[in-house]
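Just so it is clear: in the sequence shown, position 553 is 552 by numbering that gives the first Met the number 0, and no numbers are missing. Glycine is no exception: its CB is placed at the ideal position from the N, C-alpha and C atoms. None of these values were measured; they are calculated from a predicted model.
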Amino acid sequence: MGELNDCCQITYHLLFSSDVCICLMHFLSLRYQACLYFAAVFQAIACGIHYLASVFLVQTPNFVCSVPGNITDVLYGNLTGFSLEDILPIFKSDTGPLVVRTAEGEQWELSRCRCALRINPKNFTYDFDGNKTVKACDGNFVYDLTEIYQSIVTDWDLVCEDEWLAKMCQPTFMLGVLVGALVFGDIADRVGRVRILMFTSLCQFGFGVSVAFSGNYYFFLVLRFLLAMVSSGYLVVVFVYVTEFTGIKVRTWTSMHVHAAFAVGIMVVALTGYLVRVWWIYQIILSTCTSPFLLLCWKFPETPFYLMAKGRYKETQTLLDAIARFNRLECRLKVQELLEPEERENGKALLEEAEQRPSQPEKKLSILDLFGSWRMAGRTCTVWAIWFIGSLGYYVFSLGSVNLGGNQYVNLFLAGAVELPSYLVGCFAMDRIGRKKTCAPALLLAGVACMLIIVVPADIEALAIALCMTGKFAIAIAFGLIYLYTCELYPTIIRSLAVGSGSTMCRVGSVVAPFCVYLADIWTYLPQLIVGILAFIIGVLTLLLPETLGRPLTTTLEEAEALGRKPSKKNSALGNRDAEDRM
């Protein structure tokens with residue numbers, strides 16, 4: 000992120016600055032692009048799947064220590080049974096131990112992480128006042144398999160002293176997401192969007208299936224980290240790909256509905272988790288459900304914007320001709336028409352062979368340019384905060400939905416389903432009432448909904464779940480629009496820096512989210528409360544940002560800093576005339 004590379008500069012120029020680009024973007028609003036869009040977004044479902052798959056991979060069922068010998072009798076309060084499996088479904092560790100008697104006559108008191116051997120008991124009763132020999136479980140546990148037949152926790156005994164290993168699975172995955180976003184986002188600007196889409200899609204399938212056959216915890220963790228990298232890489236690049244292949248009028252919708260495909264992936268996780276209770280079979284099914292994409296991705300073309308940015312004009316013309324034939328257009332768009340006036344004279348020569356032109360020296364930009372003035376510094380801090388709370392809230396609501404009470408599979412399904420209307424509402428609101436007036440109320444609503452959980456009685460789980468889903472609905476709106484809003488708040492020369500740094504804050508939020516979810520061990524709704532307080536504060540700060548709806552994208556720092564200020568009559572007239580010219 001230290002400086003803008005040539006490809007990034009030219010692509011932004013083509014996408015946001017050049018007037019002739021409008022012709023190309025209208026040309027790219029037809030059937031050919033629709034087919035590419037839906038095919039590319041289909042694979043984004045796999046990203047949602049892998050991001051949330053750990054919800055059921057690392058489930059911890061009820062368990063107690065195991066004891067040597069065959070158990071003949073079990074006591075738990077006033078309940079009796081003949082095996083641990085009879086009592087485990089209703090066992091609660093905070094209400095007392097299980098008392099068992101073995102075939103050898105030994106009596107044991109069993110809890111989750113330790114067991115106690117009664118010394119010379121007279122009768123087999125639940126209460127015992129005599130001496131006991133207490134010892135650790137030594138890796139021998141009995142699990143309740145009525146709900147969860149097999150998870151990595153039951154396979155590798157990730158409980159008690161090793162419980163932290165299970166809890167590290169999701170943070171490690173999110174760390175891979177952070178690394179993948181940084182690595183593949185940069186490589187895509189160098190080698191092209193399509194190569195990265197093909198590579199990450201193939202690796203998603205390969206690493207996803209390999210996870211199911213990992214064999215041990217550490218190999219499992221490494222494979223999940225690699226899977227996170229390629230999943231994040233695909234998600235980052237597909238946003239750029241669909242943006243460069245769709246028209247101006249639908250750009251808001253296309254970018255927002257990549258998020259919708261991600262939400263469908265969450266719903267697939269919930270459905271598969273309900274139907275399949277063996278973790279490695281569950282993992283294989285999730286990894287193969289989007290495999291048909293692998294049959295299509297090798298036919299994907301590179302985007303015309305990228306080809307032009309790299310000076311590959313002949314390939315650009317071939318692609319434009321293919322698009323015109325598929326769309327049954329009589330008029331053919333010529334690359335010469337898309338070049339700047341000074342380049343058109345040599346258009347034919349450029350089509351035959353791109354001339355090697357010495358690159359012009361350009362100012363090296365750094366992250367400090369986002370803080371060039373107090374006004375820009377405040378804007379940057381607020382935008383970063385929105386990226387952070389958007390990601391933190393999104394994953395806290397998604398990952399934590401299984402801890403809300405009721406049916407965990409229904410909760411996770413609802414957490415995905417509630418996003419679909421949120422993106423529709425977000426799209427309509429962004430284009431009608433504005434970016435700020437959509438983002439700020441969404442964050443405030445999320446904050447209020449989450450904080451109201453405090454006053455919900457513990458026995459009314461449905462109301463608490465409804466408030467959490469309202470929070471997820473609202474946070475999804477803010478999370479979905481911040482990509483476009485960030486682009487509009489910053490000028491061309493530092494736009495990629497702004498989006499890149501914001502995306503980094505987003506990944507930081509996703510890494511922190513699993514640790515926040517673990518606070519549910521203290522109080523079930525504590526993670527949602529934390530998100531609610533932060534969302535409310537950041538929502539208030541968002542009201543200080545300028546509105547960008549209907550405003551042309553800025554080119555210089557001075558223009559960006561002037562956003563939100565009341566212009567003079569003269570400047571207003573000039574700005575309106577400039578906006579009309581750009582339309």
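In the assembly as shown, Trp278 is a buried residue. Its beta-carbon has 16 or more other beta-carbons within 10 Å. Rounded to the nearest whole angstrom, the CA to CA distance from Phe292 to Asp458 is 45 Å.
Remark: C-beta atoms of Thr315 and Met307 approach each other more closely than 8 Å. The C-beta separation of Ala52 from Leu285 comes to about 6 Å, placing the pair in contact by the 8 Å criterion. Listed in chain order, the non-local C-beta contacts of Val455 below 6 Å within the same chain comprise Leu462, Ala463, local neighbours out to five positions each way being set aside. Here the segment 67-79 lies against the segment 94-106, with 3 or more beta-carbon pairs under 8 Å apart. Taking C-alpha positions only, Val409 is separated from Ala269 by approximately 7 Å. Its Cα nearest to that of Leu234, the residue Leu181 stands out among Leu181, Leu220, Phe218.
Distance from the CA of Cys505 to the CA of Ser82, rounded to the nearest whole angstrom, comes to 49 Å.
Note that the segment 368-379 does not touch the segment 427-437; fewer than 3 beta-carbon pairs, one per stretch, sit closer than 8 Å. A distance below 6 Å between beta-carbons, with the five flanking residues on each side excluded, links Gly415 to the following residues of its chain, in chain order: Ala262, Ile265, Met266. Sequence-distant partners of Trp163 (beyond 5 residues in either direction) whose C-beta falls short of 6 Å from its own C-beta are missing from its chain. Close CB contacts of Ala165 within its chain, under the 8 Å cut and outside five residues either way in sequence, are with Val57, Thr59, Ile151, Val152, Leu157, Val158 (chain order). Taking C-alpha positions only, Cys486 is separated from Asp185 by approximately 18 Å. Under the 8 Å Cβ criterion, the segment 550-557 does not count as touching the segment 192-210, having fewer than three qualifying pairs. Residue pairing from DSSP places Arg100 in a beta bridge opposite Asp72, Gln106. The beta carbon of Asp368 lies closer than 6 Å to those of Ile493 in the same chain, with the five residues before and after it left out. Cα atoms of Gln527 and Val395: separation of roughly 7 Å, rounded to the nearest angstrom.
Per DSSP, Thr485 is one residue of the alpha helix (DSSP H) stretching across 460-488. Rounded to whole angstroms, the gap between the alpha carbons of Pro88 and Val54 is 20 Å. Here the segment 512-530 does not lie against the segment 432-442, with fewer than 3 beta-carbon pairs under 8 Å apart. Between Asn326 and Tyr36, the beta carbon gap of about 14 Å keeps them out of contact (Cβ cut-off 8 Å). DSSP, reduced to helix, strand and coil, places Gln203 within a helical segment of the structure shown.
In this structure, DSSP gives Cys114 an extended state, which the three-state scheme calls strand. For the set Cys296, Trp297, Lys313, the Cα lying nearest the Cα of Phe304 is the one of Lys313. With contacts defined by Cβ atoms closer than 8 Å, Val530 and Cys449 form a contacting pair.
When the five nearest sequence neighbours on each side are left out, the beta carbons in the same chain lying within less than 6 Å of the beta carbon of Arg117 are those of Gln106, Phe127, Lys131, in order along the chain. Per DSSP, the unbroken alpha helix (DSSP H) holding Phe219 starts and ends at 216-243. Scanning Gly501, Arg113, Thr302, Gly214 for the CA closest to the CA of Arg194 turns up Thr302.
Under DSSP, Lys131 shares a beta bridge with Arg117. Taking 8 Å as the cut-off, the beta carbon of Phe140 is found closer than this to the beta carbon of Phe62. Per DSSP, Leu78 is one residue of the beta strand (DSSP E) stretching across 78-80.
The secondary-structure analysis by DSSP pairs Gln42 with nothing; it has no beta-bridge partner. Under a 10 Å Cβ-count criterion, Arg192 is classified as buried, with 16 or more other Cβ atoms of the shown protein chains found around its own Cβ.
In the structure shown, Gln149 falls within a strand segment according to DSSP collapsed to helix, strand and coil.
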